[in-house]
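Below is one structure, written out as structure tokens, with a few remarks after it.
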């Protein structure tokens, strides 16, 4: 047997505290596993849920659900890959065979694991480390697509497909001319909201962006959206720009009750709300309003694997405009500092290189 | 000028109290109006909202939003009809020209009036009378379709299209084989729920019906649905019959918070809930559940005119099975007794002949 090797890894130590420590290099536990040598791993907004203590999790796990690398070791049942292949992973695993996977609803695969989280019994160590174990590797890894620069590959693990999912859920199913002339409002312009704008502009000419942070709105504006500051009466402004009706489509990219309430205000009768924000609160709706608006609302986690190819096709068209999201690169050893900068919203996203 | 004529009409006098009184025959007020001589008008479940006092309305209005008759008088701008034509009306009016009407979202027409209700400023006198005034007649009346027996025509004014809308909203947009093998649960088997079952069976082989009343479930069973009594743990039974997943589609035909909560329990991850129940309460949802289920929910009033032709095509296939809904015919003068029988659930529906 080979001697146990050690690696460097970011570890969650408690609220507001990550450290870089020595850990054992993971090994194959199941013949469907692969071990990836990480080349790049990103820090994502949803990492702040446990970092800030909004989501309670045990300490001791390795974060990182957005990562890419090369195949270091393959379980005996993994097909379609060779040692040394450059790959990217989806932020949740999927078996590729169950009821949900067959329907491309991969985020609800009955054997799905979430990378880089300590909560529940379906969370596993993530990619902010030198190596990471990937279960169900045949259906969770994708050979590195050449369509986008390597440095932006991590966007395909979560946030770009998630933004694409928010936008595409309704827009891709209606006639092209109807989509083009419709009004889409994006509530929340963090990195996922920015990706949602970049995706929605594939179908829709009139995109309105709402956020509390002027700098984020400036980025939304550069992508072609019309910015409205959250404190500047967005409901009145959206009504005014839609002949008094409200928005045809509203994308919820925040994940709290206040944002959802705003979406209901903004949407027109027979309009659609697509929510990808991670909901942690109770949501209270006025029943007569929902009935009177004939509204449709879709919630939930993006099935990254299920829509990977179509999201990738869109990212290949817009990646230059999104390069600013991936400009902050730091060494894994700088993780404690990186988390602090990210938590203070001083950087969009951090890409770690081990 | 012609002498003012009088007619007999049902009038709402207060909670639990309707009377038949003399009223003036309505006259053309707008060139787009028509006056209909009523041949049949029905009593619908939603009439119980104001009859029972659940919905507060002023007294004095003439009820009846489901009616058919012959054209008695036409405004100068009404097109497509002649005096004496047999017609049926939709339960709300529509202008036929606005943003919503152009999109077949006629229930949110910006000039929509609701027949037979006293609430708000968009309610007008209904058809439980010898004559009724129909605004926007060109787009609110339809020449009597020959596909179904005249005695069942009133079903096309509201409840059959509403049941069809509940079922079709999601089912008609997915591949035929996927719809066929899916599981659709109908929550609430009053007359609209029965119509929803009759409509859903166009697409779907596995329909489950839930209600508190065994007699209603027996009718659902006769239409091919698998009945589950509300007190008999429907959530466990639906899981058991779907390999532990939950229903692909849930149709909400009740209109209260408890029914909506049950729908959330019954639906599978990535499933769809179609709600046509008139919502009068606050709806409280667990945000993490909505996210974890990737659920889509659509609410609201059926756009009867927008889907009239497709609903009619389905009713022409199933009308014999629904004839039992229209078997109780009474004279308009018997309205006080009819409302009491209906309120006590002793009849499905009452059809009045003036």
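Residue numbers (the numbering used here), protein chains in the order written: chain A, 26 to 379; chain B, 26 to 379.
We put the CB at the ideal spot given by N, CA and C, even for glycine.
- Query: Does residue 345 of chain B get closer than 9 Å to chain A when you measure Cβ to Cβ?
  - Reply: Along the second chain, read from residue 1 onward, the residue named residue 345 of chain B stands at position 320. Not an interface residue.
- Message: So if DSSP puts residue 98 of chain B in a beta bridge, which residue, or which two residues, is it bridged to?
- Response: Your numbering for residue 98 of chain B matches position 73 in the second chain. Residue 98 of chain B pairs with B:60.
- Item | Chain-ordered residues of the stretch 124-139 of chain A with a beta carbon less than 8 Å from chain B | 124, 125, 128, 130, 132 and 133
- Query: Does the stretch 243-254 of chain A come close enough to the stretch 274-286 of chain A to have 3 or more Cβ pairs within less than 8 Å?
  - Reply: no
- Count the other CB atoms, across all protein chains shown, that sit within 10 Å of the CB of residue 397 of chain A; report buried if there are 16 or more and exposed otherwise. Outside the shown range of chain A, which is 26 to 379, sits residue 397 of chain A, and nothing can be said about it.
- Task: State the CB to CB distance for the pair residue 51 of chain B and residue 189 of chain B, rounded to an integer number of angstroms; the pair is presumed to be in contact (CB under 8 Å).
- Result: In the second chain, counting from the first residue as 1, residue 51 of chain B sits at position 26. In the second chain, counting from the first residue as 1, residue 189 of chain B sits at position 164. So it is not a contact: roughly 30 Å between Cβ atoms.
- Could you spell out where the alpha helix (DSSP H) holding residue 201 of chain A opens and where it closes? Here residue 201 of chain A corresponds to residue number 176 of the first chain, with the count starting at 1. It spans 201-205 - the alpha helix (DSSP H) in which residue 201 of chain A sits, taken as one unbroken run.
- Message: Pairs of beta-carbons, one from the stretch 127-145 of chain B and one from the stretch 54-65 of chain B, closer than 8 Å: are there three or more?
- Response: no
- Query: If the cut is a Cβ gap below 9 Å, which residues of chain A does residue 322 of chain B touch?
  - Reply: For the purposes of this step, residue 322 of chain B is taken as the residue at position 297 of the second chain. Ordered by position in chain A, the residues that pass the 9 Å Cβ test against residue 322 of chain B are 315, 320, 321, 322, 323 and 324.
- Within the same chain, show all residues whose beta-carbon is closer than 6 Å to that of residue 280 of chain B, passing over the 5 residues directly before and after it, in chain order. Indexing the second chain from 1 puts residue 280 of chain B at position 255. For residue 280 of chain B, where only same-chain residues beyond five positions count, the Cβ hits under 6 Å are 302, 303 and 304.
- Would you please verify whether the beta carbon of residue 41 of chain B is less than 9 Å from any beta carbon of chain A? Locating residue 41 of chain B in the second chain gives position 16, where the first residue counts as 1. Answer no: the Cβ-Cβ gap between residue 41 of chain B and chain A never drops below 9 Å.
- Query: Is residue 344 of chain B near residue 122 of chain B, with beta carbons less than 9 Å apart?
  - Reply: By one-based count along the second chain, residue 344 of chain B stands at place 319. By one-based count along the second chain, residue 122 of chain B stands at place 97. The answer is no: Cβ separation not under 9 Å.
- When A:98, A:319, A:63 and A:81 are compared against residue 35 of chain A, the one with the closest alpha-carbon: In the first chain, residue 35 of chain A corresponds to position 10, counting from 1. Minimum Cα distance to residue 35 of chain A is reached at A:63.
- Message: At a threshold of 8 Å, does residue 158 of chain A count as lining the ligand GTP (C-beta to nearest heavy atom)?
- Response: Annotation note on the ligand GTP: not contained in the displayed structure, which lists no ligands.
- Between residue 105 of chain B and the rest of its own chain, which residues show a CB-CB distance below 7 Å, the 5 nearest in sequence each way excluded? Reading the second chain from its first residue, position 80 is the one you call residue 105 of chain B. Result list for residue 105 of chain B: 163, in chain order.
- Would you mind working out which of A:170, A:221, A:312 and A:375 sits nearest residue 186 of chain A, comparing C-alpha positions? One-based indexing of the first chain puts residue 186 of chain A at position 161. The shortest C-alpha separation from residue 186 of chain A is found at A:221.
- Query: Within the 9 Å Cβ cut-off, does residue 98 of chain A reach chain B?
  - Reply: What you label residue 98 of chain A is simply residue 73 of the first chain in a count that begins at 1. It does not: the Cβ of residue 98 of chain A has no partner Cβ on chain B nearer than 9 Å.
- Within the 9 Å Cβ cut-off, does residue 26 of chain A reach chain B? Numbered from 1 along the first chain, position 1 holds the residue referred to as residue 26 of chain A. A caution first: residue 26 of chain A carries a pLDDT of 46, below 50, which makes its placement in the model unreliable, though a value can still be read off. No, no contact with chain B.
- Item | C-alpha distance - residue 77 of chain A paired with residue 363 of chain A, whole-angstrom precision | Position 52 of the first chain, counted from the start, is the residue given in the question as residue 77 of chain A. Position 338 of the first chain, counted from the start, is the residue given in the question as residue 363 of chain A. Distance between the alpha carbons of residue 77 of chain A and residue 363 of chain A: 14 Å.
- Message: Pairs of beta-carbons, one from the stretch 37-52 of chain A and one from the stretch 350-363 of chain A, closer than 8 Å: are there three or more?
- Response: yes
- Item | Member of B:109, B:179 and B:114 whose CA lies at the smallest distance from the CA of residue 352 of chain B | By one-based count along the second chain, residue 352 of chain B stands at place 327. The candidate whose alpha carbon is nearest that of residue 352 of chain B is B:179.
- Task: Verify the CB distance criterion: does residue 303 of chain A have a CB-CB separation below 9 Å to chain B?
- Result: One-based indexing of the first chain puts residue 303 of chain A at position 278. It does; some Cβ of chain B falls within 9 Å.
- Task: Compute the beta-carbon to beta-carbon distance between residue 316 of chain B and residue 294 of chain A, rounded to the nearest angstrom, for a pair I have assumed lies under 8 Å.
- Result: Translated into the one-based positions of the second chain, residue 316 of chain B becomes position 291. Translated into the one-based positions of the first chain, residue 294 of chain A becomes position 269. Incorrect: roughly 25 Å between the Cβ atoms, too far for contact.
- Run through the stretch 183-228 of chain A for me and flag every whole beta strand (DSSP E) of 3 or more residues, listed as ranges in chain order. 208-212
- So residue 132 of chain B and residue 326 of chain B are in contact, right, with Cβ under 8 Å, and what is the actual spacing, rounded? Counting from one through the second chain, the residue named residue 132 of chain B turns up at place 107. Counting from one through the second chain, the residue named residue 326 of chain B turns up at place 301. Rounded, the Cβ-Cβ distance is 4 Å, consistent with contact.
- Task: Starting from the beta carbon of residue 271 of chain A, find every residue of chain B whose beta carbon is closer than 8 Å, and list them in chain order.
- Result: Residue mapping note: residue 271 of chain A aligns to position 246 of the first chain, counting from 1. Chain B residues near residue 271 of chain A: none, gap ~11 Å exceeds 8 Å.
- Message: Taking only three categories from DSSP, how would you classify residue 320 of chain B?
- Response: Residue 320 of chain B sits at position 295 when you count from the first residue of the second chain. Note: residue 320 of chain B maps to coil in three-state DSSP.
- Query: Going by the beta-carbon positions, is the gap between residue 89 of chain B and residue 151 of chain B smaller than 9 Å?
  - Reply: Numbered from 1 along the second chain, position 64 holds the residue referred to as residue 89 of chain B. Numbered from 1 along the second chain, position 126 holds the residue referred to as residue 151 of chain B. Yes, Cβ-Cβ distance for residue 89 of chain B and residue 151 of chain B is below 9 Å.
- Item | Environment of residue 102 of chain A [buried if 16+ CB atoms lie within 10 Å] | For the purposes of this step, residue 102 of chain A is taken as the residue at position 77 of the first chain. Residue 102 of chain A is exposed by the Cβ-count criterion.
- Of the residues that make up the stretch 284-308 of chain A, which ones have a beta carbon closer than 7 Å to any beta carbon in chain B? 294, 295, 303, 304, 305, 306, 307 and 308
- Message: Taking only three categories from DSSP, how would you classify residue 236 of chain A?
- Response: To locate residue 236 of chain A, count along the first chain from 1; it is residue 211. Here residue 236 of chain A sits in strand by DSSP.
- For residue 296 of chain A, which of helix, strand or coil comes out of DSSP? By 1-based counting over the first chain, the position of residue 296 of chain A is 271. Correct three-state label for residue 296 of chain A: strand.
- Task: Anything in chain B within Cβ reach of residue 151 of chain A, meaning under 8 Å, just list it in chain order.
- Result: Counting from 1 along the first chain, the entry for residue 151 of chain A is found at position 126. Simply none; closest approach about 20 Å.
- Message: Tell me which residue opens and which closes the beta strand (DSSP E) that residue 167 of chain A is part of.
- Response: Here residue 167 of chain A refers to the residue found at position 142 when the first chain is read from its first residue. Unbroken beta strand (DSSP E) run through residue 167 of chain A: 166-168.
- Message: Please identify the residue among A:99, A:116 and A:240 whose C-alpha is closest to the C-alpha of residue 110 of chain A.
- Response: As a first step, residue 110 of chain A is located in the first chain; it is residue number 85 there, counting from the start. It is A:99 whose Cα lies nearest to the Cα of residue 110 of chain A.
- For residue 120 of chain A and residue 134 of chain A, the rounded distance between their alpha carbons: Taking the first chain and counting its residues from 1, one reaches residue 134 of chain A at position 109. Taking the first chain and counting its residues from 1, one reaches residue 120 of chain A at position 95. Cα to Cα, residue 134 of chain A sits roughly 7 Å from residue 120 of chain A.
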